[in-house]
Each structure stands twice: as C-alpha cells, then as structure tokens.
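Novice: In my numbering, the protein residues as written are 175 to 364.
1) Quick check on the DSSP output: the alpha helix (DSSP H) that includes residue 322 runs from which residue to which?
2) For residue 341, count neighbouring C-beta atoms within 10 Å of its own C-beta (all shown protein chains included) and say buried if the count is 16 or more, exposed if not.
3) Give me the residue from 218, 259 and 268 with the minimum Cα distance to residue 235.
4) Starting from residue 202, follow the alpha helix (DSSP H) in both directions and report where the run begins and ends.
5) State buried or exposed for residue 230, treating a residue as buried only when at least 16 other CB atoms are found within 10 Å of its CB.
6) Can you tell me whether residue 212 is helix, strand or coil according to DSSP?
7) Please give me, in chain order, every unbroken run of the alpha helix (DSSP H) with length at least 4 that falls completely inside the stretch 239-264.
8) Could you tell me which residues DSSP puts in a beta bridge with residue 236?
9) Using beta-carbon positions only, say whether residue 247 and residue 205 come within less than 8 Å of one another.
10) What's the gap between the Cα of residue 251 and the Cα of residue 245?
11) Does residue 226 pass the burial test, meaning 16 or more other C-beta atoms within 10 Å, or should it be called exposed?
12) Nearest to residue 222 by CA position, among 332, 183 and 241, is which residue?
13) Which residues share a DSSP beta bridge with residue 333?
14) Residue 327 and residue 265 - do their beta-carbons sit closer together than 8 Å?
15) Would residue 214 and residue 207 be called neighbours here (beta carbons separated by less than 8 Å)?
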C-alpha cells in the first residue's frame, strides 16, 4: 500500500474509532469521512461498505483491548486492580459498535472470532482470579460479570469514571472483607 493510502486509511480508522465511541454505531459514513478530512469516495475505496469499516474498527478495538489485558495480567498486581484496568481500557472505546456487530452476527470472520475469544478468555481468567483473592463477589459467574460490563460499557460515551461504570464496579466489589472485631463490612482497597 502506498504511503498516502496508508495515511488515509489510518485517518479513517482514527475518525471512526472516535465517532463510534462517542456517538455509537449509527454514525454515518459521510460524517466519518468529514471527520477524517477526506472525501466519501476515499473512504469507500478503503472500506467498500459500512460493514467492512465496522469490522475493521471492531478488530482494532479488540486487538487494543487484548494487548492491554495481557499487559495488565502480566503485572504482579491484585486481580481487582487488573480488572479495573481492563474496564478503564474498554471505556471510551466503540464498545456499542462491537456489541451491535455481535448481536447482528457480523463477527464471523476468523480474525474477529479469535480476538473475541481471546479477550473473553482473558477477562474470565481475571474474574476468577479476583474471586479467588476475595476482591470480587463470588456469587456471580464470569459470564454474568461480563454481562454487567457490557451493560456499563457498551453504550455511546461510556467513561471509566461515569456513574454507571462506578455503580457496576462498586456492586461487583466483594463485601467479605470484614474489619476484625468490629462487625462492620469493609471493602478491601478503600
């Protein structure tokens, strides 16, 4: 690919990542082209249809999330902190687009399926480890935790510090760490 074509493709994906994260999967191709500073024809030369662009954005998002998850898991940190880092990394990403692709069955390309499976496996590993260390509620399955994360993160404009994400994380935090002799429940790490 020529250097100018590569730059144009990067401009398109950068603009699409930002707009899909901010406003959701309904952003028009024209808006994406305009935000990239390119014509619609240039956008369609790189991505023949909306589905192709959405799949590329989903793949880029999953690759970034998986890389960040692997890096967080590799750190010798409490798994609750790793889980929070994974949530923070997902916030501000076009998760609503990813969710809409999953619901429509548009992730059947091998690349997307592999990325999705790898990310889900990483998240499941961290959820189980956090439950084992006593920092995450044990009465929920990893699938239920992921469902709550989807609820909190798969909406336009989600941020790591917004009220919905905060409430979900607070609700997932284990209350089992009781202050010695006081009978009061203390949330570990607070």
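Note that the Cβ used here is the ideal one computed from N, Cα and C, for glycine as well.
Specialist: With the structure as the only source:
1) Residue 322 sits at position 148 when you count from the first residue of the chain shown. First-last of the alpha helix (DSSP H) with residue 322: 316-327.
2) As a first step, residue 341 must be located in the chain shown, where it is residue number 167. Burial check for residue 341: the Cβ neighbour count within 10 Å stays below 16, so the residue is exposed.
3) Against the chain shown, residue 235 aligns to sequence position 61. Nearest C-alpha to residue 235: 268.
4) As a working mapping, residue 202 is identified with position 28 in the chain shown. Per DSSP, residue 202 belongs to no alpha helix (DSSP H) and is neither H nor E.
5) As a working note, residue 230 is residue 56 in the chain shown. Classification for residue 230: buried.
6) Counted from its first residue, the chain shown places residue 212 at position 38. Residue 212 falls in the coil class under three-state DSSP.
7) You should have 253-264.
8) In the chain shown, counting from the first residue as 1, residue 236 sits at position 62. According to DSSP, residue 236 bridges with nothing at all.
9) What you label residue 247 is simply residue 73 of the chain shown in a count that begins at 1. What you label residue 205 is simply residue 31 of the chain shown in a count that begins at 1. Cβ distance not < 8 Å, so residue 247 and residue 205 don't count as in contact.
10) By 1-based counting over the chain shown, the position of residue 251 is 77. By 1-based counting over the chain shown, the position of residue 245 is 71. A straight-line Cα-Cα distance of about 11 Å links residue 251 and residue 245.
11) Locating residue 226 in the chain shown gives position 52, counting from the first residue. Exposed is the label assigned to residue 226, since fewer than 16 other Cβ atoms lie within 10 Å of its Cβ.
12) In the chain shown, residue 222 corresponds to position 48, counting from 1. Ranking the options by Cα distance to residue 222, first place goes to 183.
13) As a first step, residue 333 must be located in the chain shown, where it is residue number 159. Looking at the DSSP output, residue 333 bridges to nothing.
14) Locating residue 265 in the chain shown gives position 91, where the first residue counts as 1. Locating residue 327 in the chain shown gives position 153, where the first residue counts as 1. For residue 265 and residue 327, yes; Cβs fall inside 8 Å.
15) Translated into the one-based positions of the chain shown, residue 214 becomes position 40. Translated into the one-based positions of the chain shown, residue 207 becomes position 33. Yes, these two residues count as a Cβ contact at 8 Å.
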